[in-house]
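Colleague: Position 312, counted from 1, in the sequence shown is what numbering that gives the first Met the number 0 calls 311; the numbers after and before it change by one each time, with no gaps. Heads up, the beta-carbon is just placed ideally off N, CA and C, and yes, glycines get one too. Handing you this structure, nothing more for now.
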Amino acid sequence: MKRYFGNEVFDIAPTSFLIPRQKNELLQDAEQYPGTEENPLIYIIKPSASSCGRGIYLHKGVPPMPRGTKQMVCQRYIGNPLLIFGRKFDLRLYCVVTSFDPLRIFLFDEGLVRFAAEKYPGPDKELDNIHMHLTNYSVNKTAELSRASRGKDFDGEDAVDIKWCISDFKKHLQKEHPLGIAAWNAIEKECDDVVTKAFLSIEHDVIERLRMECKDKTGRCCFELFGLDLMADENLKVRLIEVNIMPSLATGSTLDKAVKSRMLAHLLTMVRVIPCRRDEVLTALEKKSKEFLPWGSVKSPEVVYKFGDHPNISARAIEKPLLSAFNKTSDPHSQLTTEEHLMLVEAEEELRCAGGFRRVFPQASTVKTYLPYFTHGVSRNNYLLASAVCLNGA
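Written as structure tokens, this is what we have:
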């Protein structure tokens, strides 16, 4: 996406490499951006398929390459993080994608703020002390939280624990940050942008895989919950650190239980899961084994709409503004099939049932900004939903 649209537009994550496969690219990055005294060259290295902070370490300069077939992720370290009482933190947001064609992305209104156990000493100091530099809950939950490590800002209350909820973080910014509530508004806007662009970057690949693997070619027969880890720097710039496809739903603390149980309840309501008898469902599915699931197959050839210029869009893509009305006799593009009408109804019902989930894409205020970033053009379904969203102002 950076190659297509530039670093400035898609600066949503720290520069990362898979080593040793991308050793040459890593060396080139280190040579081109060697770091400064204020912003030294630090990389954070972590296993490519691990969890709970296992195997993570920091290295000043280019790290040694892993041996054998072992692959590691090498990521530029964010050296100027936003701090709370002198400690680093990250944000765990819960994101649900209910469809990829059309793309519909939701963020839950509550999440977790996870702190390092000790005060942050600076980007190149005490790199071996993971309790200062890492915010993984599994790493920090066993650390001693002494008064000395918490600083002088405390007056008897346990003001900073290992974990907060997002609403507490918002209240803290409103009270303590120089910008007040504007600081939270800026971070929330950044989070929405980063999350939307992250899923736009994989949208085409997911759709292609769905067409190969699923009877429902649109991906509307399923949904997925993601745990997104993001970090804000001192300038309130937010970057995506990790996308977890199996976020922990463990409720080992009262806070976890309050956040995650409510999130799951609202999720099941939004996707409209209906209790049923498993044996009856299996029998019904067997009878339909030779049929497509509801919604049918994607029409061929597909209609693709063009917004902006980049290499992957076919010359046959249609350049046409969003619709101002549906089913206009003078405009064939506005005519809705039964399936398309049901798709729009489904999206509207889903939004009405979203509860604590907020749809970040598509939104009426931003959808036109993101349409040019569909790397292979805007599908008919995305075009229709974007038009409906703008017409409804939702």
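Does the Cβ of residue 238 have 16 or more other Cβ atoms within 10 Å, making it buried, or fewer, making it exposed?
Modeller: Translated into positions along the sequence shown, residue 238 becomes position 239. Its Cβ being crowded by 16 or more others within 10 Å, residue 238 is buried.
Colleague: Just to confirm the assignment: which complete alpha helix (DSSP H) runs, minimum length 4, are found wholly within the stretch 171–258?
Modeller: Counting whole runs of 4 or more residues, the stretch 171–258 contains the alpha helix (DSSP H) stretches 180–199, 202–212.
Colleague: Considering only residues of the same chain and omitting the five flanking positions on each side of residue 16, which have a CB-CB separation below 6 angstroms?
Modeller: In the sequence shown, counting from the first residue as 1, residue 16 sits at position 17. Excluding sequence neighbours, residue 16 sits near 24, 25, 73.
Colleague: Among the candidates 165, 162, 183, whose CA atom is the shortest distance from the CA of residue 172?
Modeller: Position 173 of the sequence shown, counting from 1, holds the residue named residue 172. Measuring from the Cα of residue 172, the nearest candidate turns out to be 183.
Colleague: Is it the case that the Cβ atoms of residue 196 and residue 373 are separated by a distance below 8 angstroms?
Modeller: For the purposes of this step, residue 196 is identified with residue 197 of the sequence shown, where counting begins at 1. For the purposes of this step, residue 373 is identified with residue 374 of the sequence shown, where counting begins at 1. In this structure, residue 373 does not lie closer than 8 angstroms to residue 196 by Cβ.
Colleague: What three-state label does DSSP hand residue 408 in the structure shown?
Modeller: An answer regarding residue 408 cannot be provided, because it is not within the stretch 0 to 393 covered by the chain.
Colleague: If you drop the 5 nearest sequence neighbours on each side, which residues of the same chain put their C-beta closer than 8 angstroms to that of residue 110?
Modeller: As a position in the sequence shown, residue 110 is number 111, starting the count at 1. Taken in chain order, the residues that qualify are 90, 91, 92, 93, 164, 165, 258.
Colleague: In terms of residues, what are the limits of the beta strand (DSSP E) holding residue 306?
Modeller: Position 307 of the sequence shown, counted from the start, is the residue given in the question as residue 306. Looking at the DSSP string, residue 306 is not in any beta strand (DSSP E), and its letter there is neither H nor E.
Colleague: Have a look at 123, 117, 358, 62 and flag the residue whose alpha-carbon is nearest the alpha-carbon of residue 191.
Modeller: For the purposes of this step, residue 191 is identified with residue 192 of the sequence shown, where counting begins at 1. Considering only alpha carbons, the answer is 358.
Colleague: Exposed or buried, residue 37, counting other C-beta atoms within 10 Å across all chains shown (16 or more means buried)?
Modeller: If you number the sequence shown from 1, residue 37 lands on position 38. With fewer than 16 Cβ atoms within 10 Å of its Cβ, residue 37 is classed as exposed.
Colleague: Have a look at the DSSP bridge pairing and note the partners of residue 2.
Modeller: In the sequence shown, the residue the question calls residue 2 occupies position 3. Note: residue 2 sits in no beta bridge, so no partner.
Colleague: Starting from the C-beta of residue 62, find all residues in its chain whose C-beta is less than 7 angstroms away, skip the five residues before and the five after it, and write them out in chain order.
Modeller: Taking the first residue of the sequence shown as position 1, residue 62 is located at position 63. Counting only Cβ-Cβ distances below 7 angstroms, and skipping sequence neighbours, we find 42, 44, 73.
Colleague: Which residues bound the alpha helix (DSSP H) around residue 389?
Modeller: Here residue 389 is taken as the residue at index 390 of the sequence shown, counted from 1. 379–391 is the span of the alpha helix (DSSP H), which, as asked, contains residue 389.
Colleague: To which residues does DSSP link residue 334 through a beta bridge?
Modeller: Counting from one through the sequence shown, the residue named residue 334 turns up at place 335. The partner list for residue 334 (beta bridge, DSSP) is empty, contrary to what the question assumes.
Colleague: Among the candidates 77, 103, 107, whose CA atom is the shortest distance from the CA of residue 133?
Modeller: As a working mapping, residue 133 is identified with position 134 in the sequence shown. For residue 133, the nearest C-alpha among the options comes from 77.
Colleague: Examine the Cβ distances between the stretch 307–316 and the stretch 327–347 and report whether three or more of them are shorter than 8 angstroms.
Modeller: As far as the Cβ criterion goes, the stretch 307–316 does not touch the stretch 327–347, which means the pair count is below three.
Colleague: How would you call residue 348, buried or exposed, if buried means at least 16 neighbouring beta carbons within 10 angstroms?
Modeller: As a first step, residue 348 is located in the sequence shown; it is residue number 349 there, counting from the start. It counts as exposed.
Colleague: Any chance the stretch 362–373 sits against the stretch 338–348, with 3 or more Cβ pairs inside 8 angstroms?
Modeller: Verdict: no, contact absent.
Colleague: Please report the straight-line C-alpha distance between residue 212 and residue 379, rounded to a whole angstrom.
Modeller: As a working mapping, residue 212 is identified with position 213 in the sequence shown. As a working mapping, residue 379 is identified with position 380 in the sequence shown. Cα to Cα, residue 212 sits roughly 21 angstroms from residue 379.
Colleague: For residue 326, collect the residues of the same chain with a Cβ closer than 8 angstroms to its Cβ; drop the 5 residues on either side in sequence, then sort them by chain order.
Modeller: Against the sequence shown, residue 326 aligns to sequence position 327. Closer than 8 angstroms at Cβ, skipping near neighbours: 333, 334, 335.
Colleague: Measuring only the C-alpha atoms, how far is residue 265 from residue 353?
Modeller: In the sequence shown, residue 265 corresponds to position 266, counting from 1. In the sequence shown, residue 353 corresponds to position 354, counting from 1. Between residue 265 and residue 353, the C-alpha separation is close to 7 angstroms.
Colleague: Kindly indicate which three-state DSSP category residue 325 falls into: helix, strand or coil?
Modeller: Locating residue 325 in the sequence shown gives position 326, counting from the first residue. In this structure, residue 325 counts as coil in the three-state DSSP scheme.
Colleague: Rounded to whole angstroms, how far is the Cβ of residue 233 from the Cβ of residue 19, which I believe are closer than 8 angstroms?
Modeller: Along the sequence shown, one-based indexing puts residue 233 at 234. Along the sequence shown, one-based indexing puts residue 19 at 20. That pair is no contact at about 33 angstroms.
Colleague: Determine whether the Cβ of residue 241 lies closer than 8 angstroms to any Cβ atom of chain B.
Modeller: Chain labels in this structure do not include chain B; a single protein chain is all it has.
Colleague: Under 7 angstroms from any heavy atom of the ligand GTP, does the C-beta of residue 181 make it?
Modeller: In the structure on display, the ligand GTP does not appear, and there are no ligands present to speak of.
Colleague: Checking 8 angstroms against the spacing of the C-beta atoms, do residue 245 and residue 356 come in under that value?
Modeller: Residue 245 sits at position 246 when you count from the first residue of the sequence shown. Residue 356 sits at position 357 when you count from the first residue of the sequence shown. No, the Cβ-Cβ distance between residue 245 and residue 356 is not below 8 angstroms.
Colleague: Could you pull out every residue in the same chain whose Cβ sits closer than 8 angstroms to the Cβ of residue 225, ignoring the five residues on either side in sequence?
Modeller: Locating residue 225 in the sequence shown gives position 226, counting from the first residue. Result list for residue 225: 93, 94, 95, 96, 242, 243, 244, 246, in chain order.
Colleague: Taking its Cβ as the centre, do 16 or more other Cβ atoms sit within 10 Å of residue 86, making it buried, or is it exposed?
Modeller: Locating residue 86 in the sequence shown gives position 87, counting from the first residue. Classification for residue 86: buried.
Colleague: Using a Cβ-Cβ cut-off of 6 angstroms (strictly less than) and excluding sequence neighbours within five positions of residue 0, which residues of its own chain qualify?
Modeller: For this step, residue 0 is matched to residue 1 along the sequence shown. Taken in chain order, the residues that qualify are 9, 200.
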